[in-house]
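The structure appears below as structure tokens.
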Amino acid sequence: MIILHDHVLSADCYKVRLMLAFLGVPYERRPVDMHPGRAHRASAFRALSPLGRLPVLEDGDLTIWEPQAALAYIAMRYDPFSSWGARDASETAAVQTWLQFAGGPLAALGAARAHALLGEHCTHGDPAEAITILDDHLVEQGLNGRAWLAAARPTIADVACFPDLALHEDAGLRLDVHVGVRRWLKAFMDLPQFVEMPGLSSA
Amino acid sequence: MTDRLDDFTRSQWVVIDDEAGLARRAPLETLLFAIPLRIDVGPDGPSARRRDTGEALPILRRYGYVWTSLDPQPRPLFEIPEFQERGRRFIPCGPVGVGTSALRVIENFLDLAHFPFVHPGILGSEDETEVIDYRAEIRRDVDEVWAVDCGFFQPKALASSENEVRVDYRYRVAQPCSAVLYKSSPGRDGAFDLIGILARPVDETACEVHAWMLLWDDVSSDESLLQFQQEIFLQDRIILENQIPHRLPLSAGMEIPTRADATSVAYRRWLKNHGVTWGVCADAEAERR
Numbered sequence: 067m068i069i070l071h072d073h074v075l076s077a078d079c080y081k082v083r084l085m086l087a088f089l090g091v092p093y094e095r096r097p098v099d100m101h102p103g104r105a106h107r108a109s110a111f112r113a114l115s116p117l118g119r120l121p122v123l124e125d126g127d128l129t130i131w132e133p134q135a136a137l138a139y140i141a142m143r144y145d146p147f148s149s150w151g152a153r154d155a156s157e158t159a160a161v162q163t164w165l166q167f168a169g170g171p172l173a174a175l176g177a178a179r180a181h182a183l184l185g186e187h188c189t190h191g192d193p194a195e196a197i198t199i200l201d202d203h204l205v206e207q208g209l210n211g212r213a214w215l216a217a218a219r220p221t222i223a224d225v226a227c228f229p230d231l232a233l234h235e236d237a238g239l240r241l242d243v244h245v246g247v248r249r250w251l252k253a254f255m256d257l258p259q260f261v262e263m264p265g266l267s268s269a
Numbered sequence: 012m013t014d015r016l017d018d019f020t021r022s023q024w025v026v027i028d029d030e031a032g033l034a035r036r037a038p039l040e041t042l043l044f045a046i047p048l049r050i051d052v053g054p055d056g057p058s059a060r061r062r063d064t065g066e067a068l069p070i071l072r073r074y075g076y077v078w079t080s081l082d083p084q085p086r087p088l089f090e091i092p093e094f095q096e097r098g099r100r101f102i103p104c105g106p107v108g109v110g111t112s113a114l115r116v117i118e119n120f121l122d123l124a125h126f127p128f129v130h131p132g133i134l135g136s137e138d139e140t141e142v143i144d145y146r147a148e149i150r151r152d153v154d155e156v157w158a159v160d161c162g163f164f165q166p167k168a169l170a171s172s173e174n175e176v177r178v179d180y181r182y183r184v185a186q187p188c189s190a191v192l193y194k195s196s197p198g199r200d201g202a203f204d205l206i207g208i209l210a211r212p213v214d215e216t217a218c219e220v221h222a223w224m225l226l227w228d229d230v231s232s233d234e235s236l237l238q239f240q241q242e243i244f245l246q247d248r249i250i251l252e253n254q255i256p257h258r259l260p261l262s263a264g265m266e267i268p269t270r271a272d273a274t275s276v277a278y279r280r281w282l283k284n285h286g287v288t289w290g291v292c293a294d295a296e297a298e299r300r
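In order, the protein sequences belong to chains A and B.
Counted the way the working numbering counts, the first sequence spans residues 67 to 269.
Counted the way the working numbering counts, the second sequence spans residues 12 to 300.
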């Protein structure tokens, strides 16, 4: 059975919970005292996750400590019809672009949320640029008849980007002007097997 | 802004952080009633001073938390005798910042009627939204607000409960920004578990909230208990931040109370009787709305 080292308030953990739910993969949840105990930073946990981050996914002998990598793994391993992963070279480029985006520029949004929520003082850039880039892309996709980030169907790229954007209200941000993002959030929440977490706005 | 700080609020002990949390965050620079403070932890324990005037502030260590006050001689802190009972587990849930008045946070904590809608499947069920009748009262002897004989059907009242149960509640507002919930314990017949909430007003429309649990539970792990409580609080947080106005209205008629809001009405009346102005709507503001 898959083991997910998890925290209920972590957007990165939520990505993996979503992916497992979409594919109906059973797993054992192991809660980690990320807040207030910061147990993910302790040396014991770093044996699993060298950067001291959540989530960590264990499947048999495999340990995955990077959320985007966990999504790619779950999709390939547990999605026999390969609807969530890339199907060809150009899709691979698109999926990778938004996976990297989720782990890079969008982290500013996650950091703004951690600051507002838990008072963690971390330096982070302005999340507005990342939100605008994503919004522009989604509007453009819409014009081309595609409702999703990397393809005409939802992929792991959407799963990777969804939590930070869906939890924007936790960071005290508003997305009123970002029509593309709001439409996409709504469509994502309407997917079968979608699971919630606290702090989601109703988009 | 501090000219809006009333004597009753000013004379209270206010939470800084739990002992372990403060050790992790010290030296902590933070705000109390919009006044900048610095909290250090030295060999003799924690100390607090104002960063604007340099004045040293009193420190109290009680119930697993470190407290301070702007008043050199604060009112005595409320009593929670259950902290003396051996065998209970004490779990501080860590700070969570909320962008609204601390009084709004306390009022929300007292509101039984929101359970089925904000916490479906956990603290309430959308099929059973009726709050069983209860009584709210202001207790003159201890100068606190209490709500007694509250009952509710809950799918999952605590992390350790498996079946829907009728849960009995008592609520207690011990200070303007501190409340305690007594809830029948699934771990011990006839006993109550305690869940408390302590809010430190950062300014009038922002606060840092510390929830704690004092439970009879030798089954659940600390991690699962913590995340259970944090999940519930984060469901509340988004509602709280969207609730307008962010200051609590005390004037009658601004928000229409229902029967289930009896505790809220008693709380607001109690605040008004004590002349609380910090974090509440000014009358002029109330009239404009």
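Glycine included, each C-beta is placed from N, C-alpha and C at the ideal position.
None of the values given here were measured: they were computed from a predicted structure.
Any Cβ of chain A within less than 7 Å of the Cβ of residue i?
i      : result
B:S231 : no
B:S112 : no
B:Q95  : no
B:Q165 : no
B:L39  : no
B:R300 : Interpretation of B:R300 is limited by its pLDDT of 47, a score under 50 that renders its predicted location unreliable; the figure taken from the coordinates is listed afterwards. Chain A, which has no Cβ nearer than 7 Å to the Cβ of B:R300, makes this no.
B:Q238 : yes
B:E242 : yes
B:G105 : yes
B:I249 : yes
B:V25  : no
State buried or exposed for residue i, treating a residue as buried only when at least 16 other CB atoms are found within 10 Å of its CB.
i      : result
B:R211 : buried
B:I255 : exposed
A:L70  : buried
B:R300 : Residue confidence is low: B:R300 scores 47 on pLDDT, short of 50, so the model does not pin down where it sits. No coordinate-derived value is stated.
B:E215 : buried
A:L128 : exposed
A:L183 : buried
B:E118 : buried
A:M263 : buried
B:G290 : buried
A:S156 : exposed
A:L272 : No answer is possible for residue 272 of chain A: the residues shown for chain A start at 67 and end at 269.
A:G211 : exposed
A:Q134 : buried
B:Q3   : Nothing about residue 3 of chain B can be reported from this structure: the residues present for chain B run from 12 to 300 only.
A:M307 : In the structure displayed, chain A extends from 67 to 269; residue 307 of chain A sits before or after that span and is not available.
A:V245 : exposed
B:E298 : With a pLDDT of 45 at B:E298, under the threshold of 50, the modelled position of that residue is not reliable, and the figure given next carries that caveat. B:E298 comes out exposed.
B:D200 : exposed
Could you list which residues in chain A have their beta carbon closer than 9 Å to that of residue i, in chain order?
i      : result
B:E219 : G185
Check the Cβ-Cβ distances between residue i and every residue of chain B, and say whether any is below 7 Å.
i      : result
A:L75  : yes
A:G170 : no
A:H71  : no
A:G176 : no
A:P229 : no
A:A269 : Residue confidence for A:A269 is low, a pLDDT of 48 falling below 50, so the modelled location carries little weight and cannot support an answer.
A:A113 : no
A:A152 : no
Quick one: which chain B residues come within Cβ less than 9 Å of residue i?
i      : result
A:R104 : R35
Listing by chain order, which chain A residues have their CB less than 7 Å from the CB of residue i?
i      : result
B:L245 : L75, P264 and G265
B:E234 : P97, V98 and D99
B:G32  : P102
So with CB distances below 7 Å, who are the chain B contacts of residue i?
i      : result
A:A87  : Chain B residues near A:A87: none, gap ~15 Å exceeds 7 Å.
A:A182 : G108
Closer than 8 Å by beta-carbon distance: list the chain A residues that pair up with residue i, in chain order.
i      : result
B:E252 : E235 and G238
Item to check | Interface residues of the segment 234-245 of chain A facing chain B [CB-CB below 8 Å] | outcome: Hits within the stretch, in order: E235, D236 and G238.
Next on the checklist: Can you pull out the residues from the segment 68-99 of chain B whose beta carbon lies closer than 8 Å to at least one beta carbon of chain A?
Outcome noted: none
Checklist entry - For the segment 117-140 of chain A, which residues have a beta carbon sitting closer than 9 Å to at least one beta carbon of chain B? => result Listed by position, the residues of the segment 117-140 of chain A near chain B (Cβ gap below 9 Å) amount to none.
Checklist entry - Counting pairs of beta carbons, one from the segment 165-185 of chain A and one from the segment 143-156 of chain A, are three or more of them closer than 8 Å? => result no
Checklist entry - If we count Cβ pairs, one from each stretch, closer than 8 Å, do we get three or more for the segment 76-92 of chain B versus the segment 19-32 of chain B? => result At 8 Å Cβ cutoff, the stretches touch.
Checklist entry - How about the segment 85-94 of chain A and the segment 246-260 of chain A: do they share at least three Cβ pairs that are nearer than 8 Å? => result yes
Item to check | Touch test, the segment 180-200 of chain B against the segment 51-70 of chain B, Cβ-Cβ under 8 Å, three pairs minimum | outcome: no
Checklist entry - Does the pairing of the segment 224-233 of chain B with the segment 96-115 of chain B give three or more beta-carbon distances under 8 Å? => result yes
Checklist entry - According to a CB-to-CB cut-off of less than 9 Å, which residues of the segment 196-219 of chain B neighbour chain A? => result E219
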